[in-house]
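Residue numbers (this note's numbering): 1372 to 1973.
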């Protein structure tokens, strides 16, 4: 792959780190460890490799735990009562400051900050000796270090203690002391925005192929825009600004470097670093046989295993039904396929559903060596009714199995920027502009468009557009600000960005002020599992055999087909709706470990 050299560099330095440090070295930083001797930009580049290394700790994004905490994940095996004890405090909204993940995420973010501060110190120490022809490289390295320092403070600000966290702008020493007090949220905001702005002004727009995966100007722009959007709906003292967020989002949208990727490339190894990707974590399939698949911060990730394993995150039924029920554009040839032996059929589910969800209704898409309908485990008392596919890796070449998946993890992509910009446009009254952006995403997936037809339909983005006779499929609804915002909150954003990025769903629900309302809505919803009948196909040719097969209790519907027992799913989010408290759950508390080891917090 084109980015192999960069991944190999990361791998080498991770292996060196594992040889010289304890298993907990990425989360338990030794503050007495002296800063390395920095002599040149080669040394500081090695320091940057450690920064990128630290991003591979899965606790940093917390995709699994954030799915449980929000409305996106059912916590593994067991219905109606999950058996995964680790997940229950998050799924039930009963966690405390002693929760292991709350401490692990805190430590993971501050580990990255620690490594970034080392690079900043190193660069400052050699700045006077930097030759004129090295200044651009110097600024790029400094921009990356400050980007990640700012980004981690932004992540902590967005998820802990109402934004009042510890600002770590230097490496702690015996002289400075290891404990540090909490800073007001406003000071934290100013600090990380200053870092992100420096990165935005100094990072390049792209890198050569040896350094794909490095932070760019556009990654910084995404974070800056998001920081203003997140604050824009946060009360009378908010410093957020829709107009300022739109400045950064517009730069990305109007940049010719980015475009929505073809559905066939989404969430595949072939689609890594595609034209839609703004920032993604480069996991490796090299240099990893000696690493335990159970360690945090390894070069492979466990999200593939967690997507289908008994203690991972399965799809809640509301998401399954939402993906299953998406209205496809019947005027788009991608939704019509030719049957072997003659005739045509309409896709049973949308292209978006096929890319993101493994549900029995998807008769056409492979899931491993079989079609999805036959491949997934369906148990209304056990595994449930569907899996997320975004991180599933069916590569059987590694003897350690799905725990050693090397698929990249996309943190930010263009579709997210479109949807954030669409929200800004809705909130500032430009519904037509918001619909255009939402419809670009829907058109990528050959979904029915929203609103009244305008001259931009279709935009000839895909080959199938050439086959149209001028018709297009749309809902022709006259959206208002309220109804379009509801559509964005409950349909477009969760279905497009499910279990992606950094706590996107939870932060969205919180800043929109609908966490309680949403839990109540889901707790009061009832779905049903019914048998799913489908035509058997020849395993070699794909042609229908004439035999109708049945998947028992596999199909999720919202109208009672005469279901009884566990075929009635009316229990999801009941506990969350009862237990949720804004004061206790909107933000994570400062971890107990930090309180105990930091004398200035006692």
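From the three backbone atoms N, C-alpha and C, an ideal C-beta is built for every residue, glycine too.
Along the chain, where does the alpha helix (DSSP H) that runs through residue i open and close?
i            : result
residue 1537 : Looking at the DSSP string, residue 1537 is not in any alpha helix (DSSP H), and its letter there is neither H nor E.
residue 1956 : 1953-1956
residue 1949 : 1945-1950
residue 1483 : 1471-1497
residue 1876 : 1875-1883
residue 1843 : From DSSP, residue 1843 is part of no alpha helix (DSSP H); its letter is neither H nor E.
residue 1616 : 1613-1624
residue 1973 : That residue, residue 1973, is in no alpha helix (DSSP H); it is neither H nor E in DSSP.
residue 1515 : 1506-1530
residue 1423 : 1412-1425
residue 1809 : 1802-1815
Taking DSSP as the reference, what is the three-state secondary structure of residue i?
i            : result
residue 1823 : coil
residue 1586 : coil
residue 1750 : strand
residue 1441 : coil
residue 1457 : coil
residue 1464 : coil
residue 1684 : coil
residue 1701 : coil
residue 1651 : strand
residue 1561 : helix
residue 1341 : Residue 1341 lies beyond the stretch modelled for the chain, which goes from 1372 to 1973, so this question has no answer here.
residue 1908 : strand
residue 1630 : coil
When burial is assigned at 16 or more other CB atoms within 10 Å of the CB, is residue i buried or exposed?
i            : result
residue 1879 : buried
residue 1418 : buried
residue 1968 : exposed
residue 1889 : buried
residue 1867 : buried
residue 1700 : buried
residue 1971 : exposed
residue 1708 : exposed
residue 1483 : buried
residue 1400 : For residue 1400, the predicted structure reports a pLDDT of 47, less than 50, and the residue's modelled location is therefore unreliable. A value from the coordinates is still provided. It is buried - the Cβ of residue 1400 has at least 16 other Cβ atoms within 10 Å.
residue 1919 : exposed
residue 1714 : exposed
residue 1819 : buried
residue 1489 : buried
residue 1524 : buried
residue 1500 : exposed
So the beta strand (DSSP E) residue i belongs to, where does it begin and stop?
i            : result
residue 1781 : 1780-1784
residue 1735 : That residue, residue 1735, is in no beta strand (DSSP E); it is neither H nor E in DSSP.
residue 1920 : 1915-1928
residue 1988 : In this structure the chain extends from 1372 to 1973, so residue 1988 is not present and cannot be described.
At the level of alpha carbons, what is the spacing between residue i and residue j?
i            : j            : result
residue 1362 : residue 1875 : The structure shown does not extend to residue 1362, since the chain spans only 1372 to 1973, so no value can be given for it.
residue 1794 : residue 1409 : 45 Å
residue 1791 : residue 1597 : 8 Å
residue 1433 : residue 1476 : 7 Å
residue 1497 : residue 1533 : 38 Å
residue 1441 : residue 1953 : 13 Å
residue 1567 : residue 1797 : 26 Å
residue 1884 : residue 1505 : 49 Å
residue 1873 : residue 1437 : 8 Å
residue 1535 : residue 1886 : 21 Å
Assess, as a yes-or-no matter, whether the stretch 1915-1930 is touched by the stretch 1890-1903 under the definition of 3 or more beta carbon pairs within less than 8 Å. yes
Does the stretch 1441-1449 come close enough to the stretch 1415-1432 that 3 or more CB-CB pairs lie under 8 Å? no
The stretch 1483-1498 touching the stretch 1714-1723, judged by at least three CB pairs closer than 8 Å: no
Is the stretch 1805-1825 touching the stretch 1843-1855, taking contact as three or more C-beta pairs under 8 Å? yes
Any contact of the stretch 1573-1590 with the stretch 1546-1560, i.e. 3+ C-beta pairs under 8 Å? no
Is it the case that the stretch 1643-1656 contacts the stretch 1623-1631, given that we only count it when at least three CB pairs across the two stretches are under 8 Å? yes
Is there contact here, the stretch 1939-1958 with the stretch 1724-1743, by at least three beta-carbon pairs under 8 Å? no
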